[in-house]
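Residue numbering for the sequence shown follows UniProt numbering, starting at 1 and increasing by one per position.
Think of the CB as a built atom: it goes at the ideal place given N, C-alpha and C, for glycine as much as any other residue.
The block underneath contains the structure these notes are about, expressed in structure tokens.
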Amino acid sequence: MNSTKKRKPIFWVPTVYFAMGIPFIALSLVSTIMFKDLGVSNEEIAYWTSLLTLPWSLKWLFSPIMETFGTKKRYIVLTEIISALLFGMIIFALPLTDFFKITLALMAVIAISGSIHDIAGDGVYMQELDTETQSVYSGWQGAFYNMAKILANGGLVFLAGWLTSKGGFNQIQAWQSIMVIFAIIMAGIGLYHIKFLPQSQVKNLDKEPFKPVFTTMIAIKIISFLAIGCAVWFLSNTSFIQNNFYQTFLLLGGILLFTFFLFILMDIFAPSKSKETKLVFKEFFKKKYIGLYLIFIFLYRFAEGLAMKIAPIFLKDNPQLGGIGLSNEQYGLIYGTFGAVAFVLGSILAGYYISRFGLKKVLFSLVCIFNIPFVVYLLFAIYQPENMILIATGIIFEYFSYGFGFVGLILFMMQQIAPGKYQMAHYAIANSLMNLGVMIPGMISGYLSTTQVQKQLLTFIGLGNQIEVLSPYLGYELFFILVMIMTLPAILITKFVPFTHDDSKN
Numbered sequence: 001m002n003s004t005k006k007r008k009p010i011f012w013v014p015t016v017y018f019a020m021g022i023p024f025i026a027l028s029l030v031s032t033i034m035f036k037d038l039g040v041s042n043e044e045i046a047y048w049t050s051l052l053t054l055p056w057s058l059k060w061l062f063s064p065i066m067e068t069f070g071t072k073k074r075y076i077v078l079t080e081i082i083s084a085l086l087f088g089m090i091i092f093a094l095p096l097t098d099f100f101k102i103t104l105a106l107m108a109v110i111a112i113s114g115s116i117h118d119i120a121g122d123g124v125y126m127q128e129l130d131t132e133t134q135s136v137y138s139g140w141q142g143a144f145y146n147m148a149k150i151l152a153n154g155g156l157v158f159l160a161g162w163l164t165s166k167g168g169f170n171q172i173q174a175w176q177s178i179m180v181i182f183a184i185i186m187a188g189i190g191l192y193h194i195k196f197l198p199q200s201q202v203k204n205l206d207k208e209p210f211k212p213v214f215t216t217m218i219a220i221k222i223i224s225f226l227a228i229g230c231a232v233w234f235l236s237n238t239s240f241i242q243n244n245f246y247q248t249f250l251l252l253g254g255i256l257l258f259t260f261f262l263f264i265l266m267d268i269f270a271p272s273k274s275k276e277t278k279l280v281f282k283e284f285f286k287k288k289y290i291g292l293y294l295i296f297i298f299l300y301r302f303a304e305g306l307a308m309k310i311a312p313i314f315l316k317d318n319p320q321l322g323g324i325g326l327s328n329e330q331y332g333l334i335y336g337t338f339g340a341v342a343f344v345l346g347s348i349l350a351g352y353y354i355s356r357f358g359l360k361k362v363l364f365s366l367v368c369i370f371n372i373p374f375v376v377y378l379l380f381a382i383y384q385p386e387n388m389i390l391i392a393t394g395i396i397f398e399y400f401s402y403g404f405g406f407v408g409l410i411l412f413m414m415q416q417i418a419p420g421k422y423q424m425a426h427y428a429i430a431n432s433l434m435n436l437g438v439m440i441p442g443m444i445s446g447y448l449s450t451t452q453v454q455k456q457l458l459t460f461i462g463l464g465n466q467i468e469v470l471s472p473y474l475g476y477e478l479f480f481i482l483v484m485i486m487t488l489p490a491i492l493i494t495k496f497v498p499f500t501h502d503d504s505k506n
């Protein structure tokens, strides 16, 4: 890690964001299909795979510590290697009787590793590239993040289906093979980044000792693994999911208290670092319009959070239950591959679109392009098409729009919220809230898609006497109607979002 040669962005931007995508896609999307194949219920799948994304919503707590300890390059390389080892451990967990609990605990630690990796990766991106170059590479940034989606949620899901239908593998063996591939990919990228990732040019940080960074990360991960493992065991052995959501918030509160405990340790053992960490938060909340910005970020992807967990289950579910009935091969090819390629194309074109006209002029069009095409799933739920060309066309359209609009939010956070002395930490705080806006609706999406909860919801809003009339629409149809309703707040608030920093193109 001692090379000082300036690396061109093309050599490291694609691999950094590809490595960001693998853990997140594996945990939030691929695990959905894997657990479905292994017999886990829809409600548990949606709830737990959404909760797995919590560490991406805690970046605002991790980032100030990372801003004051260690270097970005070392965090990136270490997290990639550690994630590879954890994927390898899942291979041995899948055949066990309690595979669900153990796999969730391992995935939770991968999530922490992925969150730390994302903070460091975005930090390198903002540190090494000026504003104009960020705009140009924002498309490639999103594109290669979603190349991971093409491979993981497309090619590897297809492979899992092929191994069971044509290769003679059972479901466990097929998914063990997929975990092997994830482990090899993360290890390979980690080794590549040792040579090709640029060194930090700030405060000569790369001359700091390597051992404290490594020791700190290992300690955090061991404690996190034990804490999360205990929480998963306890919560998966209670009935709180069905009727006691308050216990969920107790869990989240416990994790927050655990993280704040790290700050207390900083006060005791590193008071100067602790003071700077507190300053990071103070400067963030002093930013102009920060309250409105945070509401905007939270709402931008809220409807996606509802749709993201249920769409794969809906596409795979039996048509008699209101689904489309895709096999793993069909799902991997259409949703995971064609859809993700469309996302990549949309991301790249959006980068040049924003660079050409400026983000301020096009933000409203981007939020509409991002949210409105979720109507595709509502139409699928109503008409349940069997024609694969029609299904593929709808998914490609939705994913292209999704990719095109997504870039706007990422660039908004980079250019309007992150600028300043602590840009890595401030971007991470904003990014955390964005992920929270996806995680929270994702956690409840499984229950909102059930007819029982929908009947309770209709009764709550005064339509209980219309349940019999509305019964043909209960299930996936009513769920995707709710998704479309939840696109409205994001679209409306965009009209009132001011810009603090000049985004005009050079």
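Between the Cα of T450 and the Cα atoms of F314, Y145, F11, Y192, which residue gives the shortest distance?
The shortest C-alpha separation from T450 is found at F314.
With G403 and A350 assumed to form a contact (beta carbons below 8 Å), what rounded beta-carbon distance in angstroms separates them?
Right, their Cβ atoms sit about 7 Å apart.
Under the assumption that A340 contacts G154 (Cβ atoms under 8 Å), give the Cβ distance between them as a whole number of angstroms.
The pair is a contact, with the Cβ atoms about 6 Å apart (cut-off 8 Å).
On a CA-only basis, which of I324, D37, S177, V16 is nearest G123? Give me that one, please.
For the residues I324, D37, S177, V16, the minimum Cα distance to G123 belongs to V16.
According to the Cβ coordinates, are G179 and I90 closer than 9 Å?
Just to set this straight, residue 179 is Met in the shown sequence, not Gly. Yes, these two residues count as a Cβ contact at 9 Å.
Using only the alpha-carbon positions, how far apart do L143 and V109 sit?
Here residue 143 turns out to be Ala, not Leu, going by the sequence shown. Those two C-alpha atoms are separated by around 26 Å.
Since I believe Q416 is in contact with F499 (beta carbons under 8 Å), could you give me their beta-carbon distance rounded to a whole number of angstroms?
About 6 Å separates the two Cβ atoms, so the contact holds.
Measuring alpha carbon to alpha carbon, tell me which of A425, S41, I395 ends up nearest F380.
Answer by Cα proximity: I395.
Go through its chain and collect everything with a Cβ distance to P14's Cβ below 6 Å, but skip five positions before and after it.
Closer than 6 Å at the Cβ level, and outside the excluded window around P14, lie F144.
In whole angstroms, give me the CA-to-CA distance for V40 and G114.
Cα to Cα, the separation comes out at about 24 Å.
Do L104 and W175 have their C-beta atoms closer together than 9 Å?
Against a cut-off of 9 Å, the Cβ pair of W175 and L104 comes out as no contact.
A392 to L326, Cα distance in whole Å?
Cα to Cα, the separation comes out at about 11 Å.
Could you pull out every residue in the same chain whose Cβ sits closer than 6 Å to the Cβ of K288, ignoring the five residues on either side in sequence?
Closer than 6 Å at the Cβ level, and outside the excluded window around K288, lie T500.
Between the alpha carbons of L448 and N387, how many angstroms are there, rounded?
The straight-line gap from Cα to Cα measures roughly 28 Å.
Could you have a look at P209 and say whether DSSP puts it in helix, strand or coil?
Residue confidence is low: P209 scores 44 on pLDDT, short of 50, so the model does not pin down where it sits. Its coordinate-derived value is still stated next. It is coil, neither helix nor strand.
So, with DSSP's three-state summary, where would you put H426?
In the structure shown, H426 sits in a helix (DSSP, three-state: H, G or I).
Please list the segments of the alpha helix (DSSP H) lying wholly inside the region 137 to 167, counting only runs of 4 or more residues, in order along the chain.
Segments of the alpha helix (DSSP H) lying fully in the region 137 to 167: 157 to 165.
In this structure, how does DSSP classify E80 when only helix, strand and coil are distinguished?
Here E80 sits in helix by DSSP.
Taking Cβ to Cβ, would you say S401 is nearer than 9 Å to F370?
In contact: S401 and F370 (Cβ atoms closer than 9 Å).
For L78 and E477, I'd like the C-alpha separation in whole angstroms.
Computed Cα separation, rounded: 44 Å.
How big is the Cα-Cα spacing for L156 and H426?
Straight-line Cα distance between these residues: approximately 35 Å.
Give me the Cβ distance between residue 529 and L359, rounded to the nearest whole Å; I'm assuming they're in contact under 8 Å.
Residue 529 falls outside the range modelled here, since the chain spans only 1 to 506, and no answer is possible.
So L106 and L86 are in contact, right, with Cβ under 8 Å, and what is the actual spacing, rounded?
Correct: roughly 5 Å between the Cβ atoms.
Count the other CB atoms within 10 Å of the CB of I22; is the residue buried (16 or more) or exposed (fewer)?
Buried: at least 16 other Cβ atoms inside 10 Å.
For the alpha helix (DSSP H) that W12 lies in, which residues bound it at each end?
First-last of the alpha helix (DSSP H) with W12: 9 to 25.
Identify every run of the alpha helix (DSSP H) within the region 32 to 77, keeping only runs that are complete inside it and at least 4 residues long; order them along the chain.
Within the region 32 to 77, the complete alpha helix (DSSP H) runs of at least 4 residues are 42 to 51, 59 to 68.
Is it buried or exposed, I382, if we count other Cβ atoms within 10 angstroms and call 16 or more buried?
Flag for I382 reads exposed.
Leaving out five residues on either side along the sequence, give the residues of the same chain with a beta carbon under 7 Å from the beta carbon of F364.
Same-chain partners within the cutoff: T494, K495.
Looking at I295 and the ligand SAH, is the gap between the Cβ and the nearest heavy atom below 8 Å?
You won't find the ligand SAH in this model; it holds no ligand whatsoever.
Roughly how many angstroms lie between the CA atoms of F196 and Y125, to the nearest whole one?
Using only the alpha carbons, I get a separation of about 14 Å.
Can you check whether the CB of D37 is closer than 9 Å to the CB of A183?
Cβ atoms of A183 and D37: not closer than 9 Å.
Using a threshold of 9 Å, state whether the C-beta atoms of F298 and L436 are closer than that.
Result yes, Cβ atoms of F298 and L436 sit closer than 9 Å.
Tell me whether the beta-carbon of P55 lies closer than 9 Å to the beta-carbon of A111.
The answer is yes: Cβ separation under 9 Å.
Hey, would you say G322 sits closer than 9 Å to P441, going by beta carbons?
No, Cβ-Cβ distance for G322 and P441 is not below 9 Å.
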